[in-house]
Ligand code: UDX
């Protein structure tokens, strides 16, 4: 099939290459010249395991190309809208200008029988409004909503092997046409028996925000338990293991620590609250405000803990921060808890050196006033405290014995409950973590 993908960020670029991988002829379109130029050269504009190989492979087949010209979307049977919906400045609501802009630009190239497929995370009600716009300005073209659940770090795997497909379809015969087109696009995924949920637009839009709200709530739940553990001397890691054995609860997403960040969970729960308010249903989501509060408190607590281990004052103390990305296997620093803590420490007088295997360049652009080091050893040289704030494999596997020879004081703060506490304490380190007793 001929497919266009509008918006070549994390979602769109991976989607475009994945659609070419399963045999379609794909054009990826974005307004950012630099991004399109690098994608066309098979250079990934972001760090994502396996993506560059996929890009190289699919570009070589001739089935994938990139363009900054919307006219190149003409003639595609299906047009995926994958542009961002960031948080509006100074508001909780999502900024819809890119989605609106993408669909308006498509109106000029759409022909009857073609299908526009929204993948961006949008406030519920958006699809219905866009469907009206399409019906008015490009009669005969259709709209479906098909949310995407990919995780950064697993984007390729999640796109090619999703755990479910969700189709938000128009009513009646149009719905049948849209379903048939989507089934053709996703043929290998559908044929393998991947669960499929077909619904109206509103449900499909809500599946995404509800899923992200649930995940955020699960993380904040365990972080709230961590606060209680800190007050009682209990151990949040053991607590999570024990409750996680109940398969109604499950152990996944119960890792207590610095909490969630990134380009999705924080802004999605806020946009969901804002939309509920507009719909007069704000009470239904007031709990998400608490989820957000618990999450943000963890960052403050981490700074306090650092001050505590530095004998009550951060002034002039050398602090090494291991990890800047919002999670491992990513160079994404959007709303990164790690960088947020690093910046707060610096503002409170500490001399902070940050390291990260992939995110230093991005971090430097956002926080040029922080000091950066290429390796953990360099970052930790003569440090008064080491904070592990993103659980990269490299940091989990540090040898506490050898690493201890680099620092001035053997004090480690495990912001992700990811280190082997026994090994670190055995090597003479003072070990502190959120929600666990000092080791
Ligand atoms: C998330 C959703 O998982 C994905 O389905 C959606 O499409 C986009 O948003 P992503 O932002 O890539 O994906 O990251 P995710 O793996 O969900 O982690 C989000 C944040 O939660 C990270 O900062 C991570 O460190 C944190 N987290 C995760 C925890 O603090 N504890 C956990 O147990 C799990």
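In our numbering, the protein residues as written are 1 to 439.
We put the beta carbon where it would ideally sit given N, CA and C, even for glycine.
Note that the coordinates shown come from a computational prediction; the quantities given were computed from them, not determined experimentally.
Contacting residues, own chain, Cβ-Cβ under 8 Å from residue i (five flanking each side not counted)
{"i": "residue 377", "result": "403, 406"}
{"i": "residue 258", "result": "298, 299, 302, 337, 338, 341, 389, 415, 416, 434"}
{"i": "residue 307", "result": "313, 314, 348"}
{"i": "residue 394", "result": "357, 376"}
{"i": "residue 33", "result": "68"}
{"i": "residue 24", "result": "1, 2, 3, 63, 185"}
Cβ-Cβ distance between residue i and residue j below 8 Å
{"i": "residue 271", "j": "residue 409", "result": "no"}
{"i": "residue 3", "j": "residue 26", "result": "yes"}
{"i": "residue 154", "j": "residue 219", "result": "no"}
{"i": "residue 78", "j": "residue 115", "result": "yes"}
{"i": "residue 256", "j": "residue 302", "result": "no"}
{"i": "residue 197", "j": "residue 166", "result": "yes"}
{"i": "residue 31", "j": "residue 85", "result": "no"}
{"i": "residue 309", "j": "residue 421", "result": "no"}
{"i": "residue 131", "j": "residue 106", "result": "no"}
{"i": "residue 149", "j": "residue 211", "result": "yes"}
{"i": "residue 369", "j": "residue 333", "result": "no"}
{"i": "residue 327", "j": "residue 152", "result": "yes"}
{"i": "residue 199", "j": "residue 168", "result": "yes"}
{"i": "residue 28", "j": "residue 9", "result": "no"}
{"i": "residue 81", "j": "residue 119", "result": "yes"}
{"i": "residue 201", "j": "residue 145", "result": "yes"}
{"i": "residue 22", "j": "residue 195", "result": "no"}
{"i": "residue 254", "j": "residue 240", "result": "yes"}
Close beta carbons around residue i, own chain, < 7 Å, minus the five adjacent residues each side
{"i": "residue 331", "result": "46, 47, 325, 358, 359, 362"}
{"i": "residue 233", "result": "437"}
{"i": "residue 75", "result": "2"}
{"i": "residue 400", "result": "423, 424, 427, 429"}
{"i": "residue 109", "result": "70, 71, 73, 74"}
{"i": "residue 177", "result": "142"}
In DSSP terms, what residue i is bridged to
{"i": "residue 79", "result": "4, 116"}
{"i": "residue 87", "result": "94"}
{"i": "residue 318", "result": "351"}
{"i": "residue 29", "result": "6, 67"}
{"i": "residue 143", "result": "116"}
{"i": "residue 208", "result": "Partner(s): none; residue 208 has no beta bridge."}
{"i": "residue 198", "result": "167"}
{"i": "residue 430", "result": "411"}
{"i": "residue 292", "result": "Answer by DSSP bridge pairing: none, since residue 292 is not bridged."}
{"i": "residue 385", "result": "319"}
{"i": "residue 371", "result": "353"}
{"i": "residue 436", "result": "433"}
Residue environment, residue i, which counts as buried when at least 16 other CB atoms sit within 10 Å
{"i": "residue 375", "result": "exposed"}
{"i": "residue 51", "result": "buried"}
{"i": "residue 209", "result": "buried"}
{"i": "residue 323", "result": "buried"}
{"i": "residue 66", "result": "buried"}
{"i": "residue 293", "result": "exposed"}
{"i": "residue 147", "result": "buried"}
{"i": "residue 275", "result": "buried"}
{"i": "residue 237", "result": "buried"}
{"i": "residue 345", "result": "buried"}
{"i": "residue 111", "result": "exposed"}
{"i": "residue 279", "result": "exposed"}
{"i": "residue 170", "result": "buried"}
{"i": "residue 252", "result": "exposed"}
{"i": "residue 311", "result": "exposed"}
{"i": "residue 228", "result": "exposed"}
{"i": "residue 286", "result": "exposed"}
Nonlocal neighbours in the same chain, by C-beta distance under 6 Å from residue i, ignoring five residues either side
{"i": "residue 315", "result": "349"}
{"i": "residue 243", "result": "249"}
{"i": "residue 134", "result": "141, 143"}
{"i": "residue 471", "result": "The requested residue 471 is not part of the displayed model; the chain covers only 1 to 439."}
{"i": "residue 373", "result": "353, 355, 379"}
{"i": "residue 223", "result": "256, 259, 294, 298"}
{"i": "residue 42", "result": "55, 56, 59"}
{"i": "residue 284", "result": "276"}
{"i": "residue 371", "result": "353"}
Given 8 Å, three or more beta-carbon pairs between the stretch 290-306 and the stretch 413-423: yes
Three-pair Cβ contact test at 8 Å for the stretch 192-210 versus the stretch 125-137: yes
Contact the stretch 17-25 vs the stretch 157-164: 3+ CB pairs below 8 Å: yes
Three or more C-beta pairs below 8 Å linking the stretch 82-99 and the stretch 263-278: yes
Cβ contact check for the stretch 332-344 and the stretch 385-397: 3 or more pairs under 8 Å: yes
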